[in-house]
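Enquirer:
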């Protein structure tokens, strides 16, 4: 269980992002949570120099659809990275496990197949309160963390080119 504020952990040196362009694909399912994740990611990207015009946001129905939405963004736009935001809350059936495994595997595959970073900004929680705590509540905002990760990975890629 997270005990630190996600928005403050491990930020370190953050690169200038004024020349970078990012895609964000966000699941509409659990919108109260994913909307907050999206707000955090966008604010963080802007805070570090990404212009509004260089942030492309696309919505998909649920977390499972994040991987295909992210692939579409990578194929149809010139981006430095794609942030995938979603929320899966444990229920009474194995659905949670299948969705989480599928999305984790899918985002990993995108990272290996494309020449840009795809960032896993998906909350996988036991209940709604845990999700709220991690999407702008007492544990910060995973959207902030995902945006910082995207900035750092895009900068690493540029450094390697």
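Residue numbers (our numbering): 15 to 175.
The beta carbon of each residue, even a glycine, is placed where N, CA and C say it ideally should be.
Enumerate in chain order the residues of its own chain whose CB-to-CB distance from residue 116 is below 7 Å, with the five nearest sequence positions on each side excluded.
Expert: Answer for residue 116: 78, listed in chain order.
Enquirer: Tell me the DSSP secondary structure of residue 40 in three-state form.
Expert: strand
Enquirer: With a 10 Å radius around its C-beta and 16 neighbouring C-beta atoms as the bar for buried, classify residue 138 as buried or exposed.
Expert: buried
Enquirer: In three-state terms, what does DSSP make of residue 50?
Expert: Assigned with DSSP and collapsed to three states, residue 50 falls in helix.
Enquirer: Using the three-state DSSP reduction, which class does residue 122 fall into: helix, strand or coil?
Expert: helix
Enquirer: Count the other C-beta atoms from every protein chain shown that fall within 10 angstroms of the C-beta of residue 153, then say buried if there are 16 or more, exposed otherwise.
Expert: buried
Enquirer: Cα-Cα, which of 122, 81 and 60 is closest to residue 99?
Expert: 81
Enquirer: Between which two residues does the alpha helix (DSSP H) holding residue 163 run?
Expert: 156 to 174
Enquirer: Once you ignore the five residues that flank residue 72 on each side, which residues in its own chain have a CB closer than 8 Å to its CB?
Expert: 37, 38, 39, 40, 83, 86 and 87
Enquirer: Got a sec? Which residues, its chain only, sit under 7 Å from residue 103 by beta carbon, not counting five neighbours each side?
Expert: 44, 139, 141, 142 and 145
Enquirer: Give the range of the beta strand (DSSP E) segment to which residue 134 is assigned.
Expert: Here the beta strand (DSSP E) through residue 134 covers 132 to 139.
Enquirer: Taking its Cβ as the centre, do 16 or more other Cβ atoms sit within 10 Å of residue 32, making it buried, or is it exposed?
Expert: Under this definition residue 32 is an exposed residue.
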